[in-house]
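Everything on this sheet refers to the single structure shown next.
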Amino acid sequence: MDTTLTVCDAPTDAIRDAILAPLSQFNAENGYPADPRPVAITVTDKDGAIIGGLWGKTVYDWLFVEYLVVPAALRGRDLGSELLLRAEKIALDRGCVGSWLTTFTFQARGFYEKRGYEVFGALENAPRDNVRIFLRKRLRP
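In my numbering, the protein residues as written are 7 to 147.
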């Protein structure tokens, strides 16, 4: 079989989907079909503009929190905690066993640990002198 390797300078969702398709098929054939479902909870201002929130997905029995953003002016009002609690409730309703996310040393590790998340990994020099921290929380046994 002749093959060519091509670096894509501007990859599209269609390219991602084409690359992912054989892996998804393999996983499904081996009893692990993916069923990613988005989770989005917004924080809006008085004009209805989105100024923060939580973005993630449930897949393979876990909630992955990709982004959790609370504007600086609104911190300390438990909005971050409420966003996490609502997302975790959605995850439980979808049958998930846990939640996981990443943060950096200059971000919110302590915030997540206070809410029951524990570190399960770290990636140094990501970026530069920072550490990317991987955290998880079991939602059910």
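Note that beta-carbon positions come from the ideal geometry of N, C-alpha and C, so glycine has one too.
Coarse secondary structure for residue i, derived from DSSP in three states
| i | result |
| --- | --- |
| PRO147 | coil |
| ARG83 | coil |
Environment of residue i [buried if 16+ CB atoms lie within 10 Å]
| i | result |
| --- | --- |
| THR109 | buried |
| GLY58 | buried |
| LEU29 | exposed |
| LYS143 | buried |
| VAL13 | exposed |
| LEU69 | buried |
| TYR118 | buried |
| LEU11 | exposed |
| GLY116 | exposed |
| GLY37 | exposed |
Other residues of its chain near residue i: CB distance less than 6 Å, five sequence neighbours each side excluded
| i | result |
| --- | --- |
| THR64 | ARG43, ALA97, ARG100, CYS102 |
Residue nearest to residue i in terms of C-alpha spacing, selected from the options
| i | options | result |
| --- | --- | --- |
| GLY62 | ALA55, ALA40, SER105, ARG146 | SER105 |
| ALA114 | VAL137, ALA93, ARG92, LYS95 | VAL137 |
| ALA93 | VAL45, ALA128, THR10 | VAL45 |
| ARG121 | THR50, LEU90, GLY127 | LEU90 |
| ILE139 | ARG81, ALA78, GLU72 | GLU72 |
| LEU60 | ASP51, ILE47, LYS52, TYR66 | ILE47 |
| GLY127 | PRO133, LEU107, ASP135 | LEU107 |
| ASN33 | ARG83, VAL75, ASN131, TYR66 | TYR66 |
| ALA78 | ASP53, VAL49, VAL125 | VAL49 |
| VAL125 | PRO133, ASN131, ASP135, THR111 | THR111 |
Contacting residues, own chain, Cβ-Cβ under 7 Å from residue i (five flanking each side not counted)
| i | result |
| --- | --- |
| TYR123 | LEU141, ARG142, LYS143 |
| ALA132 | ARG138 |
Cut-off 8 Å between Cβ atoms - residues of its own chain near residue i, not counting five sequence neighbours on either side
| i | result |
| --- | --- |
| LEU145 | LEU69, GLU94, ALA97, LEU98, CYS102, VAL103, GLY104, SER105 |
> In the region 10-69, which residue ranges form an unbroken alpha helix (DSSP H) of at least 4 residues, counting only runs that do not cross its ends?
Replying inline: 19-35
> Whole beta strand (DSSP E) runs in the region 88-135 with 3 or more residues, listed along the chain?
Replying inline: 104-110, 124-130
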